[in-house]
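By numbering that gives the first Met the number 0, the letter at position 107 of the sequence shown is numbered 106, and the numbering carries on one by one without gaps.
Glycine included, each C-beta is placed from N, C-alpha and C at the ideal position.
Structure, as structure tokens:
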Amino acid sequence: MAIERFELMKILAIGDIVGGKAVDYISDRLFRVRRELGIDMVVANGENAAEIHGISAKDAEAIFEAGVDVITLGNHTFGRRDICEVLSGDASIIRPANYPPLAPGAGYLIKQICGKRILCINILGVALMEAMACPFATVDRILREEQGKYDLSIMDIHAEATSEKIALARYFDGRINIIFGTHTHVPTADEQILPGGTGYITDLGMSGPVGGVIGTDAALVIEKMRTRMPVRFTVADGEIKAHGAIFDIDADTGRVLSVRRVKF
């Protein structure tokens, strides 16, 4: 009997990095994690790296130096103005593709990893969030324009509504190899391979302090909810953990072989 042979790639996706201490945490541990787990590529959402709102140029540099290959962002992309120059000049950080065309930066990129051209797309949901261009139509356009220019594809859906993430995943099942959600900071337990072969999880969770309220100081969040008064949120103290998922993929066929959650 013939033995099936394939080129295995391991792609690690890391959930929203929350605060400077989480950036340091990733910096201290990611190279070891990459080595021990045999990771070929790391994609991380960095939109909360600058103390919840946005990411600074310094944060982005530190995350890349930690061993992340591609940084995706979200609704807090422009929370720090100095990131605009980075977005306009660094080909490895992307903001959501359905921002207006005049916004700095690009919504997708094609990166060479292990000899494969990997298309990475960042998209914002529109349910319960600020109005943006239709994510379905935006990604359809990208796939159409970049057809034949890439071997594998990954999409980060930064969205509030679980139903919207699942709908997008079902719509692009079989057309995008790996799809994961970010934004809610709470990992979901629905990692799966969809009928068309796409590896999927609704939310990776966050990489940040686990003792607060989705990374924010719990007392401040509770005060806001009880009083409805303006409160300036800060990052919670305490233990930090990184959450994400590992996708094992046949790099030759694009077939996802497994999806599993990871915490380190």
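Please identify the residue among the options whose C-alpha is closest to the C-alpha of residue i.
i    : options                   : result
A250 : Y199, A126, L167 and I153 : I153
A218 : V185, G243 and D236       : D236
I239 : G204, F30, R169 and I200  : G204
A168 : I200, D89 and R143        : I200
D15  : D81, G214 and E145        : G214
I171 : P134, S87, R116 and A102  : With the sequence shown as reference, residue 171 is identified as Phe, and Ile is not the correct amino acid for it. Comparing Cα positions, the closest option is P134.
V17  : L256, I248, D58 and R231  : D58
E144 : L108, A132, S257 and I25  : L108
L142 : A96, L29, A160 and L123   : A96
P100 : Q146, A132 and A90        : A132
G19  : I62, G198 and T197        : I62
V67  : I13, F263 and G180        : I13
F246 : R231, P229 and Q191       : Q191
Over what stretch of residues does the beta strand (DSSP E) that includes residue i continue unbroken?
i    : result
I165 : Run containing I165: none in the beta strand (DSSP E); it sits in the alpha helix (DSSP H), T161 to F171.
A96  : Run containing A96: none; DSSP gives neither H nor E here.
A12  : L7 to I13
D155 : L151 to H157
K148 : It is not in any beta strand (DSSP E) - K148 carries neither H nor E in the DSSP assignment.
L256 : V255 to K262
T233 : Taken as a continuous stretch (DSSP letters only), T233 belongs to no beta strand (DSSP E), as it is neither H nor E.
I177 : I177 to T181
N44  : M40 to N44
I270 : For residue 270 there is no data in the structure shown, the boundaries of the chain being 0 and 263.
Please report the straight-line C-alpha distance between residue i and residue j, rounded to a whole angstrom.
i    : j    : result
H52  : G78  : 5 Å
M40  : I10  : 5 Å
I92  : L36  : 24 Å
I112 : C119 : 12 Å
M0   : T252 : Only weak support exists for where M0 lies, its pLDDT of 44 falling under 50; the value from the coordinates is given anyway. Whole-angstrom Cα-Cα distance: 21 Å.
Y98  : D155 : 14 Å
I175 : A158 : 18 Å
G243 : V212 : 18 Å
G195 : I165 : 14 Å
A43  : R225 : 33 Å
F259 : V125 : In the sequence under discussion, the amino acid at residue 259 is Arg, which differs from the Phe named in the question. Going by the C-alpha atoms only, they are around 27 Å apart.
N121 : G73  : 8 Å
A105 : K148 : 17 Å
D150 : R254 : 11 Å
T183 : M128 : 12 Å
T187 : N47  : 19 Å
D27  : A65  : 7 Å
G45  : Y24  : 13 Å
S206 : V261 : 11 Å
T197 : R140 : 19 Å
When we look at the beta-carbon of residue i and count the other beta-carbons within 10 Å, is it buried (16 or more) or exposed?
i    : result
T71  : buried
P208 : buried
R94  : buried
I177 : buried
I221 : exposed
D202 : buried
M8   : buried
S162 : exposed
A130 : exposed
I2   : Confidence is the limiting factor: at I2 the pLDDT is only 47, short of 50, which leaves the residue's position unreliable and the question unanswerable from this model.
G114 : exposed
S257 : exposed
Along the chain, where does the alpha helix (DSSP H) containing residue i start, and where does it finish?
i    : result
D27  : G19 to L36
E226 : The question names Glu, but residue 226 is Thr in the sequence shown. Looking at the DSSP string, the run of the alpha helix (DSSP H) that includes T226 is A217 to T226.
A59  : A56 to E64
L267 : Residue 267 is absent from the model: the chain starts at 0 and stops at 263.
(request) Write down every uninterrupted run of the alpha helix (DSSP H) in the segment 105-144 whose length is 4 residues or greater and which is fully enclosed by it, in chain order. (result) 134-144
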